[in-house]
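Input: a single structure, listed below in structure tokens.
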Amino acid sequence: MFQSDSGKNLLFKDSTQCLQEVPAGTNYEGFLGQQYMTSVNSLRKCSETASDLEKSCTFHSCQQKN
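Just so you know, we're using the numbering used here here: the sequence shown kicks off at 31 and counts up by one.
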């Protein structure tokens, strides 16, 4: 999450200087914006494009979309 031989899939880049504060009362959808949410949701329409991490977090039947 913080270190990688290839420098990929890190939580933060080495060049990160500060984090942006999310205003109180703002949900993640409002903060990230409609265009981003549409893009992310479109990835979930095909199980072939879901990441292994997302698949591992949704293996339980109560988390499956009907």
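Glycine included, every Cβ here is placed at the ideal spot set by N, Cα and C.
Interface flag, residue i vs chain B, CB-CB below 8 Å
{"i": "residue 67", "result": "Within the model displayed, chain B is absent; a lone protein chain is all it includes."}
CA-to-CA distance, residue j to residue i, given in whole angstroms
{"i": "residue 51", "j": "residue 66", "result": "18 Å"}
{"i": "residue 41", "j": "residue 54", "result": "23 Å"}
{"i": "residue 60", "j": "residue 47", "result": "24 Å"}
{"i": "residue 71", "j": "residue 64", "result": "10 Å"}
{"i": "residue 81", "j": "residue 75", "result": "12 Å"}
{"i": "residue 85", "j": "residue 58", "result": "21 Å"}
Three-state secondary structure (DSSP) of residue i
{"i": "residue 48", "result": "coil"}
{"i": "residue 81", "result": "coil"}
{"i": "residue 68", "result": "helix"}
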